[in-house]
Amino acid sequence: MNNILDCSFAEFQSSIQELGESPFRADQIWQWIWQKRCADFSEMTNISKGLREKLGSIYSLHRPVVQVVKKSRDGTIKFLLRLEDGELIETVLIPEKDHYTQCISSQVGCALGCSFCSTAQMGLKRNMSSGEILGQVLVGLNYLDREKSSLPLRNIVYMGMGEPLLNWPRVRQSLEVLRDPRGLNFSYRRVTLSTVGIPGKLEEFAATGLASLAVSLHAPDQELRSRIMPKASALVSVDQLIDILTSLPLRPRQRITVEYVLIGGVNDEIKQARELNRLLSHLKAKINLIALNPAPEIDYLRPDQERILAFERYLWDKGQTVHLRKGKGCDIEAACGQLRKHSRKNEAGGQEPF
Ligand code: SF4
2 MNNILDCSFA EFQSSIQELG ESPFRADQIW QWIWQKRCAD FSEMTNISKG LREKLGSIYS
62 LHRPVVQVVK KSRDGTIKFL LRLEDGELIE TVLIPEKDHY TQCISSQVGC ALGCSFCSTA
122 QMGLKRNMSS GEILGQVLVG LNYLDREKSS LPLRNIVYMG MGEPLLNWPR VRQSLEVLRD
182 PRGLNFSYRR VTLSTVGIPG KLEEFAATGL ASLAVSLHAP DQELRSRIMP KASALVSVDQ
242 LIDILTSLPL RPRQRITVEY VLIGGVNDEI KQARELNRLL SHLKAKINLI ALNPAPEIDY
302 LRPDQERILA FERYLWDKGQ TVHLRKGKGC DIEAACGQLR KHSRKNEAGG QEPF
């Protein structure tokens, strides 16, 4: 049975028409699913019992089940979620000054093997469906409602497990539902897709205008990038990547976010800050620096605070816009893949779906 969360609106609308219902019913049901976040067709009180029963015979309505919730001292909340087939994925709610940002996963594991990433060690298990991707957002929203949070969920970032552009058709569909006013109704400014840069898919994604773009660069030259991100850098060289990014159509005030994880003794020298500044000199970009969140399974260290600040200062002095992100949730294994790594598939338990 198809999970209704996996349908695009167009597919669902034509299925409603095949049932002899007016298109207006599709809008109503879509709002029940995404805005009222109902967990069962029986909750759709303004839909006839007959239609609810028909829907229940055609579709399931399955959301990821919360297996573990961990709350950090800094307010970061991490969820380990169990999918219908027992696979485990992660999503994180990150508190900001006046809102939460949710980091969501797009694949179970990842094929790209970046050397500083815990998810990489799982390899790729499978792509996530659009409904599984969006199910994380439903879990996040329901959790905040249940906790009566004073901070709303405002931003979504595709920066969790997996490379979103290697699961592009399903990620695209999830972005469409996120954006749809009948769906989850997030504007493109509130949604960011983070990618290592997959040629072809990058241009396709940018042409949709469905979300802002962040690129995981992490090294200013091909030699270093191929050492720490061997598979990603084999797909596109640093220079080719910058050429593609420079050619993308951007909105008037839009800038591409360039992500740079600072790894102690690897990519955190001023020499590399200088190369990074040169590389980005013609790109409408802002730089997100984040110090590595160390983990036992990763051979790298977080740089000293002094080095982090010196790197940031150099780039500011050269006129770059730099945001030094605070590493959050270090006490709850909040970096991508860390919590999943220490849990097992099909582990018994799990809580009620939020
Ligand atoms: S950093 Fe991102 S692309 Fe690289 S292995 Fe981890 S999840 Fe995959």
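So for the sequence shown, my numbering puts the first residue at 2; every next one is plus one. Beta carbons are placed, not taken as given, at the ideal position from N, Cα and C, and that holds for glycine.
Asked, Found
"Alpha carbon to alpha carbon, what distance is there between Asp269 and Val262?", "9 Å"
"Would the stretch 244-260 and the stretch 274-293 be scored as touching if the rule is three or more Cβ pairs under 8 Å?", "yes"
"What I want to know is whether the C-beta of Gly198 ends up closer than 7 Å to one or more non-hydrogen atoms of the ligand SF4.", "no"
"For Phe25, count neighbouring Cβ atoms within 10 angstroms of its own Cβ and tell me buried if that reaches 16, exposed if not.", "exposed"
"Under 7 Å from any heavy atom of the ligand SF4, does the C-beta of Gly114 make it?", "yes"
"Following a CB-centred definition, is Ala121 positioned closer than 7 Å to any heavy atom of the ligand SF4?", "yes"
"Determine the extent of the beta strand (DSSP E) in which Glu91 is found, giving its start and end residues.", "89-96"
"Run the CB neighbour count on Glu44, radius 10 Å, all protein chains shown included, and call it buried at 16 or more, exposed below.", "exposed"
"Let me check you understand the geometry: is the CB of Met162 closer than 7 Å to at least one non-hydrogen atom of the ligand SF4?", "yes"
"Select from Asp244, Arg190, Ala233, Arg173 the residue whose C-alpha is nearest the C-alpha of Thr209.", "Arg173"
"With a 10 Å radius around its C-beta and 16 neighbouring C-beta atoms as the bar for buried, classify Leu203 as buried or exposed.", "buried"
"Rounded to the nearest angstrom, what separates Ser130 and Ser9 at their Cα positions?", "11 Å"
"If we ignore side chains and look at the alpha-carbon of each, how far apart do Thr102 and Leu236 end up?", "30 Å"
"At the level of alpha carbons, what is the spacing between Glu85 and Pro65?", "7 Å"
"Are Ser195 and Tyr159 closer than 8 Å when you measure CB to CB?", "yes"
"Let's see if you can read the secondary structure: which residues bound the alpha helix (DSSP H) around Gly132?", "131-147"
"Which residues bound the beta strand (DSSP E) around Tyr159?", "154-159"
"Just the C-alpha distance for Lys232 and Val267, rounded to the nearest angstrom, thanks.", "18 Å"
"Taking the alpha helix (DSSP H) that Phe42 falls in, what are its first and last residues?", "It is not in any alpha helix (DSSP H) - Phe42 carries neither H nor E in the DSSP assignment."
"What's the C-alpha gap between Glu348 and Met123?", "Confidence in Glu348 is poor, its pLDDT being 49 and thus under 50, which makes the residue's placement too unreliable to answer from."
"How close, in whole Å, do the beta carbons of Arg38 and Asn143 come, if the pair is a contact with beta carbons under 8 Å?", "6 Å"
"How would you write the range of the beta strand (DSSP E) that Arg127 sits in, first residue to last?", "125-128"
"From the DSSP secondary-structure annotation, give me the bridge partner or partners of Gly110.", "Leu125"
"Hey, out of His324, Gly201, Ile59, whose CA is closest to Ile17's CA?", "Ile59"
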